[in-house]
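To start, the structure itself, in structure tokens.
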Amino acid sequence: MNTAESVPKTPSCCSMSPLNLEEFRRQGYMAIDFIADYYQNIEKHPVLSQVEPGYLKNVFPKSAPYSPEPIETILHDVQKHIVPGITHWQSPSYFGYFPSSASTAGFLGEMLCTGFNVVGFDWMSSPAATELENIVMEWLGEMLTLPKCFLFAGNGGGVIQGTTCEAILCTLVAARDRMLSQIGKDSIGKLVVYGSNQTHSALQKAAHVAGIHKTNCREIETTRSTSFALSPESLRLAICLDIESGLVPMFLCATIGTTATTAVDPLRPLCDVANSYGLWVHVDAAYAGNACICPEFQHFLEGVEGAHSFSLNAHKWFFTTLDCCCLWLKDPKALTKSLSTNPEYLMSNHATNSEQVVNYKDWQIALSRRFRSMKLWLVLRSYGVANLRSFLRSHVKMAQLFEDLVASDKRFEVVVPRNFAMVCFRALPLPTSKEVSENGMAVYGHKISYDQECSNQLNKELLKSINASGHLYLTHAVVAGLYIIRFAVGATLTEDRHVFTAWKVVQEHLDAVTGM
């Protein structure tokens, strides 16, 4: 790689065009072949990157190249230096965090989105970008059987945000301003937001950005006995205590599929409690909401009509590339009232002035926005509802397979019931009691007490050993003091054989860690 330091600092005339169409066609084919080859060979790579911090500084120069370099050289460097530094989220043996599922349609939609490169802040800036987003949000809302009040057809509406963090921030700001309009702006220090101790940290970040004091963010305790779902009684108690203290309850974030264990908060009773005290209710279904296009999972959404907003991430488990967070609102005007800006240079078209169109700049924090609906549209059209349901069900079935394998080995336990396509499990240490079997060997069993610290340490060591092997990648959570291992199925290329192999790896590493 040449750099500015390696050549004379004299002016040079460069005749190359940054958008040479023949070169674009040639290099584009090369890039697609490169990506296809990457996926064809993805199982050859360790799932978790094995590099050390700062590794790229040792191979790349300190300055940018002074003269152009051929795409062949660049792709060679990608293969040699970048690929080893990737944790392979699309590997069929990736079971960490939540999935970021890929698809051919998602890739092609992203290509079209990037290729058009529109900046669709309002209708006039690209009418197709706005109207296609209207359409796909209606389609997806109907697939989820969301109440009509969340759709444009029922005076609600949907918007594609970047991530759940943005969706929660936008709705929280709308809720804040709605409440302050009633009690006065000087009372912002009294506003309180609620979630459980399983709610995503995005709520805390959004509250901080929106000016809600951190001492006014409630993390209501959940218990293993209720599978870590938020209790309506606990919510009511927290609200009443805050009111007695002179505070103003303002916002509740309920979750369908929490990050740690995919717990499901009971929407109907929570909404009943929240609405009786005038709270805005947002439902975060970032991961699990995707499964609700399947009729057998739609019962988890019962009571959603009592909420004010609902979001899911199509880039998690809906085969649409990052970023694509779908947010629906009953009353979009509450959002646009908080987020609208109308400078003169954006007021020069009849459509906007007539209020006959949606201007999505007023539904989000940023002004500029990408043509995200293009990739979701391609996914919906390329696969259809029937196939999308089938894809999701296959992941759920594989998770059930892993759950059965865990249950069949007495050295492990499933910590919480599986709701979707993630299994939470842990290895059990040798019993601390003196109970032994008839042949003198220590007994594994759920009735015997275990030292929690010892159990947690065992599972930390087990997870570290598994991930270091590169054969698969898992992540953890801590709930009720228990260190648990999460096995999330959702990579597009995962098959039953990968689940069986993963279980074998888990067993082998437990043997190695315990010396058995």
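For reference, each letter of the sequence shown is one residue, going 1 to 516 in our numbering. Backbone N, C-alpha and C fix where the C-beta goes; we use that ideal spot for every residue, glycine too.
Look up residue i in the DSSP assignment and say whether it is helix, strand or coil.
i: Trp89; result: coil
i: Gln161; result: strand
i: Pro269; result: helix
i: Leu56; result: helix
i: Leu493; result: coil
i: Val443; result: Unreliable placement is indicated for Val443, whose pLDDT of 47 sits below 50; the coordinate value is still reported in the next sentence. Coil, per DSSP.
i: Pro295; result: helix
i: Glu438; result: Reliability of the predicted coordinates at Glu438 is poor, the pLDDT of 44 falling under 50, and no value is obtained from them.
i: Tyr360; result: helix
i: Ile32; result: helix
i: Tyr94; result: strand
i: Val51; result: coil
i: Tyr66; result: coil
i: Thr145; result: coil
i: Ser125; result: coil
i: Asn290; result: helix
i: Ile243; result: helix
i: Val118; result: coil
i: Arg369; result: coil
i: His200; result: coil
i: His395; result: helix
i: Ser101; result: coil
i: Gly306; result: helix
i: His350; result: helix
Thinking just about the alpha-carbon of each residue, which of the options is nearest to the one in residue i?
i: His45; options: Glu508, His88, Val283 and Ala288; result: His88
i: Met347; options: Ser125, Tyr38, Thr223 and Gln452; result: Ser125
i: Leu144; options: Ser49, Ala285, Lys316 and Asn117; result: Ala285
i: His476; options: Ala291, Asn456, Ala129 and Phe300; result: Asn456
i: Leu329; options: Pro53, Asn155 and Phe34; result: Asn155
i: Arg236; options: Val273, Ser245 and Glu219; result: Val273
i: Asp404; options: Phe391, Ala421 and Gly157; result: Ala421
i: Val304; options: Leu322, Cys325, Gly162 and Pro266; result: Pro266
i: Cys424; options: Leu380, Arg176 and Ser227; result: Ser227
i: Pro269; options: Ile484, Ala229 and Asp496; result: Ala229
i: Val478; options: Ser15, Leu378 and Val415; result: Val415
i: Ser201; options: Leu169, Gly189, Asp177 and Pro127; result: Leu169
How long is the line joining the alpha carbons of residue i and residue j, rounded to whole angstroms?
i: Ala399; j: Phe24; result: 42 Å
i: Ala288; j: Thr262; result: 8 Å
i: Val396; j: Ser245; result: 45 Å
i: Gln79; j: Phe297; result: 41 Å
i: Pro84; j: Asp77; result: 11 Å
i: Gln356; j: Leu146; result: 24 Å
i: Val264; j: Ile74; result: 46 Å
i: Met250; j: Gly195; result: 11 Å
i: Glu131; j: Leu140; result: 14 Å
i: Phe402; j: Leu252; result: 34 Å
i: Trp503; j: Val406; result: 8 Å
i: Ala442; j: Leu430; result: Bear in mind that the predicted position of Ala442 carries a pLDDT of just 45, short of 50, making it unreliable; the figure below should be weighed with that in mind. Answer to the nearest angstrom: the Cα atoms are 7 Å apart.
i: Leu56; j: Lys62; result: 11 Å
i: Glu142; j: Glu22; result: 43 Å
i: Tyr444; j: Leu482; result: Unreliable positioning characterises Tyr444 in this predicted model, as indicated by a pLDDT of 48, which lies under 50. The coordinate reading is nonetheless provided below. Using only the alpha carbons, I get a separation of about 18 Å.
i: Pro343; j: Glu133; result: 24 Å
i: Asp511; j: Lys464; result: 14 Å
i: Ser187; j: Arg224; result: 37 Å
i: Ala128; j: Ala31; result: 28 Å
i: Glu221; j: Asn197; result: 5 Å
i: Glu508; j: Thr494; result: 21 Å
i: Glu438; j: Ala427; result: Legend: pLDDT at Glu438 = 44, less than 50; position of this residue unreliable, value from coordinates given subsequently. Roughly 23 Å between the two C-alpha positions.
i: Thr492; j: Lys190; result: 46 Å
i: Gly515; j: Arg411; result: 14 Å
i: Pro332; j: Ser368; result: 19 Å
i: Ser276; j: Cys113; result: 43 Å
i: Leu151; j: Ile135; result: 10 Å
According to DSSP, what are the bridge partners of residue i?
i: Glu413; result: Arg426
i: Ser311; result: Asp284 and Leu327
i: Gly195; result: Glu219
i: Phe487; result: Val423
i: Val479; result: Leu482
i: Phe251; result: Val193 and Trp280
i: Ile256; result: Val264
i: Tyr473; result: Tyr94
Exercise. Pairing CB atoms from the region 360-370 with CB atoms from the region 456-473, are three or more of them under 8 Å?
Worked result: Contact between the region 360-370 and the region 456-473 is absent: fewer than 3 CB-CB pairs across the two stretches fall below 8 Å.
Exercise. Do the region 98-117 and the region 486-494 meet, that is, are 3 or more Cβ pairs less than 8 Å apart?
Worked result: Yes, they touch.
Problem set entry | Inter-stretch contact (C-beta, 8 Å, three-pair minimum) for the region 468-475 and the region 368-388 | The way I'd put it, the region 468-475 doesn't touch the region 368-388; fewer than three beta-carbon pairs between them come closer than 8 Å.
Problem set entry | Cβ contact check for the region 162-170 and the region 308-321: 3 or more pairs under 8 Å | yes
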